[in-house]
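K.L.:
Pasting a structure below so you can have a look.
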């Protein structure tokens, strides 16, 4: 039988069509044209630490004319699915597909690397939403990538922490989409604290980081300022504030606790001689005021030796610390405020009081403002003080999350424990943004229907205009669900429900100018959110990164053009089989930043 | 043998669907393969006669009947199923157009082969594809021959058919005569048969099936045997048919036999692969199906006499006499359930029961005795070492246990720890030890430091040093952890010997510090920890297990995974309110972390 070219072609089509059909069905998404570039440094332990860029030449090779804006996402490999995940659905002729067992099978894989993903965030770009590079870190695995700084400015390095490795990575982003590693701080260099949480970069390029847990070795720790505190070890108390240079070398390590111990209601496990609530989590600074603020969340170890016994309420911190950073290398705690419990407070069940678990804080930005906000992850409320330079700052509750949940149609009561996370003032001080994960149904019993996840925008102009005499105070049951009655109370300007557990967000502080370059702006028109908290602790999220458009009056709408390149659905999914660095499966995106390469920003 | 590789490949699983689902898919595969095979060979098998039309349409009808209801199944890929149905209907619809029918049949054959092997990788994938493609071709050839008319001489003229039938058929452009087809298709059939046989043997080998007693005393073995005999029978008919004329019934039998073999192969996908025979005298790791779940079971040392049996979970009874089984219980410092059984030399059977369900595990203990420490108070640590070695593919007898003596590497680590503590200027230490040779030797190192030693129960020492085995450490540390919630004791911390890196021990207190020769956050230790959790659900990653696992690694990995001792802290990092927490996950410390807090320790010279 003689085969003509035509017949051969038809035969090939016939043979390949079924394979294509199945590939379509199973959603294969491998990357082919990858350029690897390695950047490494020598750590304090003499070992080599590196990042490996995995740049997609197929995407980056396109010439579009428009300069690029990038979204950098600090993500961890999800260990349960860190390899090729057979997403084969039940095929007619396959007898072996067993999704439950497949999930078990992938556990066999070796741990995958954690990475900083570089996503095209240039609105209107044909590759908008595509992952163009994954810079994997090594050799440490299971870092549990957590926070970076809150916002990025031209010239800044990126400081990124590993919750479980207690390491701080410093990335150079000047040549995006390629990254390089500027340095790494290992736990042996930061003995004063453990469990790094978040960072604030100063104008000189150095950064402060909150180390939520105690000195790594129990017993007395002598700080550089001479203060001695007794700590109860890694993941315990008291935490510290550490300043890093642009290569991640610690410049100073300062105690978050005050000499002589703090209120006896501050519980520490194991018990230490001088009790302390000093477990700093959120951090922001006003360099012009020489003030830095940190919010205490909880003793990160939060050990549960008795699974039946309820966690001691005293482990969830109600405290805010304001630091005097006049001497950048010797920050001093200027005040420790114990926030009010709120109208929902229940003396018989204090664990969910509005002031419990102060996760995040944000400062106002304009020179005429001196206030700051704090939000409680467990308590589900927002607090405000008008002046962080005051010797004794006065804090008042100005918003209850129940109000936002009510607006979304959820009858959220009892409120609280809804997983409030990211808190950020707009750079022009008109709005306050907050991310809320949402509370699982049944948390408070069978009748608890849970609460939604969302990003909310609050109008705070009246509140800030009240100066040092704010009237807003959430102090009645009615104000819990309906908002504060006083005229200066924050009002909801916009709210975008996001299912899947939004914990973090960041503002897009860049705009493309008529000159073709990016310029920083205080009129952020976009927010990027991420749906992940800490999987091992119980709140996982669906691992999507979304962009929310911000209207001129603070209204929020999901950017449906920011789509996953595989599923074509809005939001970029970090649950996927393939990455530019390989088939390592699902990843956990904890925090993100809008960044522009040096040469593209003026 | 469609989809046989589905569960033969590493890590794949037999189908969990019910018998009905298995029957449906076997019918679907067999009928689809038959349609595809007939379709592929259309250009060389001549115009189809009534018999081939009936067979092809009937097979296609069977496919549609069993496939259409599956569209509503939640896990079914609708595009693939729809494509499958379309192709299977197109083949008989194109009976009058052989070239088009062949292309459609090829597409259907490829689709069936890909479906059957879609979850496989590497060699298993390619073997499966080749096996399936050859089976389709062979089945098509036999079916085409079976449905062809016999020679004219076989069919005498009748009143209605005064001319020889074959002559009329040829005139009408109908079937090619059977003998002609046999000669025409014989090379293809022989090649396909060889490929089916060869790939089938390789598949069976890849699956771990061997020519042993499992061939006749397991369901998998019996089905495999039946399939092999059917294929041999069909092969024999083919060989005979090439050499001389055989009756038409023989080809029909061959078609049915080949289809049955194909079905048997598909059924194999739903039958558990028999586990390998136990390695004589080597710790044994097996899975047993109990209560709808797979329960891993470890028998250590798997030698004559007293043995430890370890399972994941509770409520499991084990023993060598089904009438006298012993229930596993928890042990301090360990996970899962444990008990001891006395095993005879040589082969025997361990009965494992949960509820009303009983499973059997083949044993072969050999004749050599194991050290007593393998089943004593430190037996679980020894078993963990054995499990680690098994995970790394090391099938070697247990000749010694970690607690038998202070290993040189552990001694170096303990010296380093004590050097660090003396450097902290401690006024006193408390030491928790036990009677094992290892603990006694380590205790002497503490005494050599000269640091005053006070009783553990006083809590007045600056630090606590724990040198005992897992069980006493876990029990005593739990008490100390409870005291630490109320009073500030051991303010300089709790320090453990390196062999106590074991989650049930280290989570007995809030946090501990211990000297390790590896960083759990690096690739090798993390890989071991994941493998333990994946293979033995609920099992903890331990220092002993890691050491056992390293024995099965390359020399470079052994070197990279066991370097110099440094201090590490092990602590829970929960950071969440309790209502959100559901402790899970594997790793070195679920819901926690193990992190380096010092550089390399001073282990030579100095003090001690």
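Residue numbers (the working numbering), protein chains in the order written: chain A, 117 to 718; chain B, 1341 to 1948. Using N, Cα and C, we set each Cβ at its ideal position, and we do this for glycine too.
Let's test the definition: count the other Cβ atoms within 10 Å of the Cβ of residue 1724 of chain B and tell me whether it reaches 16, buried, or not, exposed.
P.N.:
Here residue 1724 of chain B corresponds to residue number 384 of the second chain, with the count starting at 1. The residue is buried, with at least 16 neighbouring Cβ atoms inside 10 Å.
K.L.:
How is residue 1560 of chain B classed by DSSP in three states: helix, strand or coil?
P.N.:
Along the second chain, one-based indexing puts residue 1560 of chain B at 220. Three-state result, residue 1560 of chain B: helix.
K.L.:
Pick helix, strand or coil for residue 1441 of chain B, following the three-state DSSP scheme.
P.N.:
Locating residue 1441 of chain B in the second chain gives position 101, counting from the first residue. Three-state result, residue 1441 of chain B: helix.
K.L.:
Please state the DSSP three-state secondary structure of residue 1593 of chain B.
P.N.:
In the second chain, residue 1593 of chain B corresponds to position 253, counting from 1. DSSP places residue 1593 of chain B in helix when its eight states are reduced to three.
K.L.:
At a CB distance below 8 angstroms, what residues from the segment 344 to 373 of chain A approach chain B? Give them in sequence order.
P.N.:
346, 348, 349, 350, 351, 352
K.L.:
With DSSP run on the structure shown, which of helix, strand or coil describes residue 1497 of chain B?
P.N.:
Your numbering for residue 1497 of chain B matches position 157 in the second chain. Confidence is the limiting factor: at residue 1497 of chain B the pLDDT is only 47, short of 50, which leaves the residue's position unreliable, though a coordinate-based value still follows. The answer is coil: DSSP assigns residue 1497 of chain B none of H, G, I, E or B.
K.L.:
Return the CA-CA distance between residue 1777 of chain B and residue 259 of chain A, expressed in angstroms with no decimal places.
P.N.:
Position 437 of the second chain, counting from 1, holds the residue named residue 1777 of chain B. Position 143 of the first chain, counting from 1, holds the residue named residue 259 of chain A. One C-alpha to the other measures close to 38 angstroms.
K.L.:
Would you tell me roughly how many angstroms separate the C-alpha atoms of residue 759 of chain A and residue 1611 of chain B, rounded to the nearest one?
P.N.:
The displayed coordinates of chain A run from 117 to 718. Any statement about residue 759 of chain A would go beyond what the structure contains.
K.L.:
Would residue 477 of chain A and residue 398 of chain A qualify as a contact pair, given that the criterion is a beta-carbon distance under 7 angstroms?
P.N.:
Translated into positions along the first chain, residue 477 of chain A becomes position 361. Translated into positions along the first chain, residue 398 of chain A becomes position 282. Yes, these two residues count as a Cβ contact at 7 angstroms.
K.L.:
If the cut is a Cβ gap below 8 angstroms, which residues of chain A does residue 1862 of chain B touch?
P.N.:
As a first step, residue 1862 of chain B must be located in the second chain, where it is residue number 522. Residues of chain A passing the Cβ test: 255, 256, 257.
K.L.:
In chain A, which residues lie less than 7 angstroms from residue 1853 of chain B when you measure between Cβ atoms?
P.N.:
The residue given as residue 1853 of chain B occupies position 513 in the second chain. Within chain A, the residues near residue 1853 of chain B are 333.
K.L.:
Give a yes or no on whether 7 angstroms exceeds the smallest Cβ distance from residue 1827 of chain B to chain A.
P.N.:
Translated into positions along the second chain, residue 1827 of chain B becomes position 487. Residue-level contact by beta carbon holds for residue 1827 of chain B and chain A, with a gap shorter than 7 angstroms.
K.L.:
Is the segment 1722 to 1738 of chain B close to the segment 1759 to 1769 of chain B, with three or more CB pairs under 8 angstroms?
P.N.:
no
K.L.:
In this structure, what does DSSP give as the bridge partners for residue 285 of chain A?
P.N.:
Taking the first chain and counting its residues from 1, the one referred to as residue 285 of chain A is at position 169. BP columns for residue 285 of chain A point to A:276, A:300.
K.L.:
Under a CB-based cut-off of 7 angstroms, is residue 1935 of chain B close to chain A?
P.N.:
Looking up residue 1935 of chain B in the second chain gives position 595. Under the Cβ distance rule, residue 1935 of chain B counts among the residues neighbouring chain A, one pair being separated by less than 7 angstroms.
K.L.:
Buried or exposed for residue 265 of chain A, please, with buried defined as at least 16 other CB atoms from any protein chain shown within 10 angstroms of its CB.
P.N.:
Here the question's residue 265 of chain A lines up with position 149 in the first chain. Its Cβ being crowded by 16 or more others within 10 Å, residue 265 of chain A is buried.
K.L.:
Distance, Cα to Cα, residue 713 of chain A vs residue 320 of chain A?
P.N.:
Here residue 713 of chain A corresponds to residue number 597 of the first chain, with the count starting at 1. Here residue 320 of chain A corresponds to residue number 204 of the first chain, with the count starting at 1. Computed Cα separation, rounded: 19 angstroms.
K.L.:
Could you give the distance in angstroms between the alpha-carbon of residue 1503 of chain B and the alpha-carbon of residue 1442 of chain B?
P.N.:
What you label residue 1503 of chain B is simply residue 163 of the second chain in a count that begins at 1. What you label residue 1442 of chain B is simply residue 102 of the second chain in a count that begins at 1. Confidence is the limiting factor: at residue 1503 of chain B the pLDDT is only 46, short of 50, which leaves the residue's position unreliable, though a coordinate-based value still follows. If I take the Cα positions, the gap works out to 32 angstroms.
K.L.:
Any C-beta of chain A sitting closer than 7 angstroms to the C-beta of residue 1912 of chain B?
P.N.:
Along the second chain, read from residue 1 onward, the residue named residue 1912 of chain B stands at position 572. It does: the Cβ of residue 1912 of chain B has a partner Cβ on chain A nearer than 7 angstroms.
K.L.:
Would you kindly report the start and end of the unbroken alpha helix (DSSP H) that includes residue 1471 of chain B?
P.N.:
To locate residue 1471 of chain B, count along the second chain from 1; it is residue 131. Looking at the DSSP string, the run of the alpha helix (DSSP H) that includes residue 1471 of chain B is 1462 to 1486.
K.L.:
Is the CB-CB distance between residue 1779 of chain B and residue 1817 of chain B below 7 angstroms?
P.N.:
Numbered from its first residue, the second chain carries residue 1779 of chain B at position 439. Numbered from its first residue, the second chain carries residue 1817 of chain B at position 477. No. Outside cutoff.
K.L.:
Which residues of chain A have a Cβ atom closer than 7 angstroms to the Cβ of residue 1938 of chain B, listed in chain order?
P.N.:
Sequence index remark: in the second chain, residue 1938 of chain B carries index 598 (1-based). Going along chain A in sequence order, the residues near residue 1938 of chain B (Cβ under 7 angstroms) are 304.
K.L.:
Whole-angstrom Cβ separation of residue 229 of chain A and residue 697 of chain A, contact assumed at under 8 angstroms?
P.N.:
Within the first chain, numbered from 1, the residue matching residue 229 of chain A stands at position 113. Within the first chain, numbered from 1, the residue matching residue 697 of chain A stands at position 581. Rounded, the Cβ-Cβ distance is 7 angstroms, consistent with contact.
K.L.:
Go to residue 270 of chain A, then tell me how far its beta strand (DSSP E) extends in each direction, as first and last residue.
P.N.:
For this step, residue 270 of chain A is matched to residue 154 along the first chain. From DSSP, residue 270 of chain A is part of no beta strand (DSSP E); its letter is neither H nor E.
K.L.:
Count the other CB atoms within 10 Å of the CB of residue 227 of chain A; is the residue buried (16 or more) or exposed (fewer)?
P.N.:
Taking the first chain and counting its residues from 1, the one referred to as residue 227 of chain A is at position 111. It counts as buried.
K.L.:
I'd like the list of long-range same chain contacts for residue 669 of chain A, defined as Cβ closer than 7 angstroms, with 5 residues on each side in sequence excluded.
P.N.:
The residue you call residue 669 of chain A lines up with position 553 of the first chain. Around residue 669 of chain A: 609.
K.L.:
On a Cα-Cα basis, can you pick out the residue from A:338, A:406, A:634 that is closest to residue 356 of chain A?
P.N.:
The sequence position of residue 356 of chain A within the first chain is 240, counting from 1. Ranking A:338, A:406, A:634 by Cα distance to residue 356 of chain A puts A:338 first.
K.L.:
Would you identify the three-state DSSP class for residue 1665 of chain B, choosing helix, strand or coil?
P.N.:
To locate residue 1665 of chain B, count along the second chain from 1; it is residue 325. Looking at residue 1665 of chain B - three-state DSSP - the assignment turns out to be coil, as it is neither helix nor strand.
K.L.:
Answer yes if the segment 1596 to 1608 of chain B comes into contact with the segment 1663 to 1675 of chain B, meaning at least three C-beta pairs across the two stretches below 8 angstroms, and no otherwise.
P.N.:
no
K.L.:
Residue 1464 of chain B touches chain A at which residues, Cβ-Cβ below 9 angstroms?
P.N.:
In the second chain, the residue the question calls residue 1464 of chain B occupies position 124. Simply none; closest approach about 11 angstroms.
K.L.:
What does the Cβ neighbour count give for residue 1579 of chain B, buried or exposed, with the cut at 16 atoms within 10 Å?
P.N.:
Counting from 1 along the second chain, the entry for residue 1579 of chain B is found at position 239. That one is exposed.
K.L.:
Considering Cα atoms alone, identify which of A:467, A:383, A:308, A:401 is closest to residue 482 of chain A.
P.N.:
Position 366 of the first chain, counted from the first residue, corresponds to residue 482 of chain A. Comparing Cα positions, the closest option is A:401.
K.L.:
I want to verify the contact list: residues of chain B whose CB lies under 8 angstroms from the CB of residue 307 of chain A, in sequence order.
P.N.:
By one-based count along the first chain, residue 307 of chain A stands at place 191. Here the neighbours are 1937.
K.L.:
State the DSSP-derived secondary structure class of residue 197 of chain A, mapped to helix, strand or coil.
P.N.:
Your numbering for residue 197 of chain A matches position 81 in the first chain. Model confidence at residue 197 of chain A stands at a pLDDT of 31, short of 50, so the residue's coordinates are unreliable; what they give is reported in the following sentence. Three-state DSSP puts residue 197 of chain A in a helix.
K.L.:
In angstroms, rounded to a whole number, what distance separates the CA positions of residue 1876 of chain B and residue 1857 of chain B?
P.N.:
Taking the first residue of the second chain as position 1, residue 1876 of chain B is located at position 536. Taking the first residue of the second chain as position 1, residue 1857 of chain B is located at position 517. If you take the alpha carbons of residue 1876 of chain B and residue 1857 of chain B, they lie about 24 angstroms apart.
K.L.:
Give the residues of chain A in contact with residue 1881 of chain B, contact being defined as C-beta atoms less than 9 angstroms apart.
P.N.:
Residue numbering aside, residue 1881 of chain B sits at position 541 when the second chain is read from its first letter. Under the 9 angstroms cutoff, chain A gives no residues; its nearest Cβ is about 12 angstroms from residue 1881 of chain B.
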